[in-house]
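Asks: There's a structure below that I have some questions on.
Chains as they are written, first to last, in my numbering: chain A, 190 to 336; chain B, 476 to 625.
Here you go:
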């Protein structure tokens, strides 16, 4: 029983848990910088290639890193990324996406999208404000960072 | 079939072309450099507004530009739909309506409680579109005074 509990609480389970699925919890998780403990960041802040403001720094979840390193073009359930939206050195917002289902679907309902910057806040599965751009990427991933 | 998405910095040049055409159709002579500054300002800071592009076969053919405000009249954040434009060869296929709906959805997602816009007096085609999409005219006229030379 102890072994089973240990396995359930091991790295694989940890990878599948965050980011939280509920909006308030997700925002708190992002603002606390909880992703930084396990996620892999890009080498440096850079200009955003999307509608996410002037400069960004993207972090990939362990599941997404594993998928990319294995050359997968369809990512595993639980794959996630966090994009810090920066103004100078300050983090002024976040954009994040988490894969909820193995299949992304034609309009991205397999992904939970969230963006919060200033008064703007998008949240939802396949949110059209996000999915319209992201469906042009690799399984909805637009970032070209490859760890 | 047209696709509607938020604009990215890669869309800057097509956006400028579409916005110049839009302003030109309405005899507004804002210099291209000023339009570029405004577009760059929105792309850099999404709190200022949002830009949507409509593409056909990957080519941008339409644009919608939202600018955010905080008017007392609406009791909070609202959006000014400043531009809605579709290139003439692509009109009549529902692209303008799709852009309008996407712009309203995006404004709502950004926390706006209302969308304001203006149309040229006598622009019946635009008036019919906006009325059909739930807008209503206000018995007012827009005035402006520049504070710095344009």
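Ideal placement from N, C-alpha and C gives every residue a C-beta, glycine not left out.
(1) If you measure from the beta carbon of residue 310/A to each beta carbon in chain B, is any gap under 8 Å?
(2) Which residue marks the beginning of the alpha helix (DSSP H) containing residue 470/B, and which one marks its end?
(3) Can you list, in chain order, the residues of its chain whose CB lies under 7 Å from that of residue 299/A, leaving out five sequence neighbours each side?
(4) Check whether chain B comes within 8 Å of residue 191/A, counting only Cβ atoms and requiring the distance to be less than that.
(5) So residue 223/A contacts chain B; which residues on that side make the cut at Cβ distance below 7 Å?
(6) Which same chain residues, not among the five before or five after residue 575/B, have their C-beta less than 8 Å away from its C-beta?
(7) Which word fits residue 595/B, buried or exposed, when buried means at least 16 other C-beta atoms lie within 10 angstroms of its C-beta?
(8) Tell me residue 594/B's beta-bridge partners as DSSP assigns them.
(9) Please work out which residues of its chain come closer than 6 Å, Cβ to Cβ, to residue 577/B, disregarding the five sequence neighbours upstream and downstream, and give them in chain order.
(10) Restricting to Cα atoms, I'd like to know which of 251/A, 217/A and 208/A is closest to residue 264/A.
(11) Residue 240/A and residue 494/B - do their beta-carbons sit closer together than 8 Å?
(12) Mind checking if residue 295/A is an interface residue toward chain B, Cβ cutoff 8 Å exclusive?
(13) Near residue 496/B, which residues of its chain fall below 8 Å by C-beta distance, leaving aside the five closest residues on each side in sequence?
(14) I'd like to know whether the C-beta atoms of residue 551/B and residue 545/B end up nearer to each other than 8 Å.
(15) Going by the beta-carbon positions, is the gap between residue 329/A and residue 270/A smaller than 8 Å?
(16) Could you check if residue 254/A is buried or exposed, using at least 16 other CB atoms within 10 Å of its CB as the buried criterion?
(17) Below 9 Å on C-beta distance, what does residue 238/A contact in chain B?
(18) Taking a contact to mean a Cβ-Cβ separation below 8 Å, would you say residue 491/B touches residue 516/B in this structure?
(19) Which of helix, strand or coil does DSSP assign to residue 499/B?
(20) Within its chain, find whatever has a CB closer than 7 Å to the CB of residue 316/A; leave out the 5 residues flanking it on each side and keep chain order.
(21) Any idea what DSSP makes of residue 228/A, helix, strand or coil?
(22) Can you list the beta strand (DSSP E) stretches of 3 or more residues lying completely in the segment 242-281 of chain A, in chain order?
(23) Can you pull the chain B residues whose beta carbon is under 8 Å from the beta carbon of residue 279/A, in chain order?
(24) From the beta carbon of residue 213/A, is the nearest beta carbon of chain B less than 8 Å away?
(25) Work out the CA separation of residue 599/B and residue 332/A for me, nearest whole Å.
(26) Per DSSP, what are the beta-bridge partners of residue 236/A in this structure?
(27) Under a three-way DSSP split, which group does residue 329/A fall into?
Replies: Concretely, from the data shown:
(1) yes
(2) This structure cannot speak to residue 470/B, because chain B is shown only from 476 to 625.
(3) 288, 289, 290, 292 and 293
(4) Legend: pLDDT at residue 191/A = 36, less than 50; position of this residue unreliable, value from coordinates given subsequently. For residue 191/A, the answer is no, since every Cβ of chain B falls outside 8 Å of its Cβ.
(5) Ordered by position in chain B, no residue passes the 7 Å Cβ test against residue 223/A, which lies about 24 Å from the chain.
(6) 539, 556, 559, 604, 605 and 608
(7) exposed
(8) Bridge partners of residue 594/B: none, in fact.
(9) 479 and 527
(10) 251/A
(11) no
(12) no
(13) 560 and 562
(14) yes
(15) no
(16) buried
(17) 483, 484 and 485
(18) no
(19) helix
(20) 302
(21) coil
(22) 244-249 and 269-276
(23) None at all; the shortest Cβ gap to chain B is about 13 Å.
(24) no
(25) 43 Å
(26) 244/A
(27) coil
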